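Numbering (this note's numbering), first residue to last: 3 to 232.
A virtual CB, placed ideally from N, CA and C, is assigned to each residue, including glycine.
Predicted model only: the values in this text are computed from it and were never measured.
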Ligand code: C5P
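Laid out in structure tokens, this is it:
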């Protein structure tokens, strides 16, 4: 479907949920997406958040190969495929299972509390004609560029102007063509999909994110998430 078609017709939306990370930084016994968050896994929260966003999407979840059967039991009716060693490889595995979508979102399982409005803003911006869209928030902290110091302290080189900076999260939305182009290089690795799109010369638009879209990375984040769902 062309972009003009997306504006005129009803877009078919696919959501790829990369959930195949090990979660080493979280330090739990199971991979991060399978850690308990108030009685169900982080992954189940994430998928029900997508279902509740009102975007009528086809969902593909990407998990570690040894947890595919378990994820299928947790998420009946959801397509589950095995992931790769890097996030970008997991996204490419999901992309292969997302053949019918005109608009594709990539949404980290590690962001289970993302509010519905963020999904809708991203989908709406792609349908309106943007090839690639990310949710972003202004940066609150002062940012310093550092180099290794002489002892156990780093040395500040300069202070970065935070005004034009955005902290970017997921869901990141793409036309099918843009995401395929971004991932056409099977060796391409990046911490987000918009980064791969930028390297191909694709314009990336930013819509307002939401602090609830924070990523669970450390025990501190998990504590906050558990407090928020309790
Ligand atoms: O490691 P990080 O928190 O940045 O990972 C972001 C998301 O990508 C997580 O939901 C994680 O499960 C997923 N991921 C993946 N495959 C990998 C590494 C990370 O699906 N090999």
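With DSSP collapsed to three states, give me the class of residue 67.
Your numbering for residue 67 matches position 65 in the chain shown. If DSSP states are grouped into helix, strand and coil, residue 67 belongs with the helices.
Buried or exposed for residue 199, going by 16 or more other Cβ atoms inside 10 Å?
Numbered from 1 along the chain shown, position 197 holds the residue referred to as residue 199. Counting Cβ neighbours within 10 Å, residue 199 comes out buried, since at least 16 surround it.
Given 8 angstroms, three or more beta-carbon pairs between the region 133 to 153 and the region 55 to 65:
no
Exposure label - residue 232; buried when at least 16 CB within 10 Å
Locating residue 232 in the chain shown gives position 230, counting from the first residue. Exposed: under 16 other Cβ atoms inside 10 Å.
Rounded distance between the beta-carbons of residue 185 and residue 61, thought under 8 angstroms
Counted from its first residue, the chain shown places residue 61 at position 59. Counted from its first residue, the chain shown places residue 185 at position 183. About 18 angstroms separates the two Cβ atoms, so there is no contact after all.
Please name the residue in 111, 173 and 112 whose C-alpha comes closest to that of residue 138.
Translated into positions along the chain shown, residue 138 becomes position 136. Comparing Cα-Cα distances from residue 138 to each of 111, 173 and 112, the minimum goes to 173.
Cβ of residue 193 within 8 angstroms of Cβ of residue 89?
What you label residue 193 is simply residue 191 of the chain shown in a count that begins at 1. What you label residue 89 is simply residue 87 of the chain shown in a count that begins at 1. Against a cut-off of 8 angstroms, the Cβ pair of residue 89 and residue 193 comes out as a contact.
Residue 133 - DSSP class collapsed to helix/strand/coil
By one-based count along the chain shown, residue 133 stands at place 131. Coil.
Are residue 118 and residue 197 close, meaning C-beta to C-beta below 8 angstroms?
Along the chain shown, read from residue 1 onward, the residue named residue 118 stands at position 116. Along the chain shown, read from residue 1 onward, the residue named residue 197 stands at position 195. The answer is no: Cβ separation not under 8 angstroms.
In this structure, how does DSSP classify residue 217 when only helix, strand and coil are distinguished?
Position 215 of the chain shown holds residue 217. Looking at residue 217 - three-state DSSP - the assignment turns out to be coil, as it is neither helix nor strand.
Helix, strand or coil for residue 6? Go by DSSP, reduced to three states.
By one-based count along the chain shown, residue 6 stands at place 4. Here the model assigns residue 6 a pLDDT of 43, short of 50, so the residue's position is not dependable, and the following value carries that caveat. In this structure, residue 6 counts as helix in the three-state DSSP scheme.
Hey, is residue 92 close to ligand 1, as in C-beta under 7 angstroms from one of its heavy atoms?
Along the chain shown, one-based indexing puts residue 92 at 90. Answer for residue 92: yes, Cβ within range of ligand 1.
Indicate whether residue 175 and residue 127 have their beta-carbon atoms separated by less than 8 angstroms.
Locating residue 175 in the chain shown gives position 173, where the first residue counts as 1. Locating residue 127 in the chain shown gives position 125, where the first residue counts as 1. Yes, Cβ-Cβ distance for residue 175 and residue 127 is below 8 angstroms.
Express the C-alpha separation of residue 109 and residue 179 in angstroms, rounding to a whole number.
Position 177 of the chain shown, counted from the start, is the residue given in the question as residue 179. Position 107 of the chain shown, counted from the start, is the residue given in the question as residue 109. Between residue 179 and residue 109, the C-alpha separation is close to 18 angstroms.
Buried/exposed call for residue 96, threshold 16 Cβ in 10 Å
The residue you call residue 96 lines up with position 94 of the chain shown. Buried, since its Cβ has 16 or more Cβ neighbours within 10 Å.
Run the proximity test for residue 211: is its beta-carbon closer than 7 angstroms to any non-hydrogen atom belonging to ligand 1?
Here residue 211 refers to the residue found at position 209 of the chain shown. Because no heavy atom of ligand 1 lies under 7 angstroms away, the Cβ of residue 211 does not count as near it: no.
Under the rule that 16 or more other beta-carbon atoms within 10 Å means buried, what is residue 171, buried or exposed?
Taking the first residue of the chain shown as position 1, residue 171 is located at position 169. Buried.
Between residue 217 and ligand 1, is there a pair consisting of the residue's CB and a ligand heavy atom that are separated by less than 7 angstroms?
Walking along the chain shown from the start, residue 217 turns up at place 215. For ligand 1, at least one heavy atom lies less than 7 angstroms from the Cβ of residue 217.
Paired residues, beta bridge with residue 85 - DSSP
For the purposes of this step, residue 85 is taken as the residue at position 83 of the chain shown. Per DSSP, none; premise fails for residue 85.
Would you mind giving the Cβ-Cβ distance between residue 8 and residue 105, rounded to the nearest angstrom? I have them listed as a contact below 8 angstroms.
Taking the first residue of the chain shown as 1, we reach residue 8 at position 6. Taking the first residue of the chain shown as 1, we reach residue 105 at position 103. Confirmed, about 7 angstroms.
For residue 35 versus residue 28, is the C-beta spacing smaller than 8 angstroms?
As a first step, residue 35 is located in the chain shown; it is residue number 33 there, counting from the start. As a first step, residue 28 is located in the chain shown; it is residue number 26 there, counting from the start. No.
Please indicate yes or no: does the CB of residue 20 lie closer than 7 angstroms to some heavy atom of ligand 1?
For the purposes of this step, residue 20 is taken as the residue at position 18 of the chain shown. Yes, ligand 1 has a heavy atom inside 7 angstroms of this Cβ.
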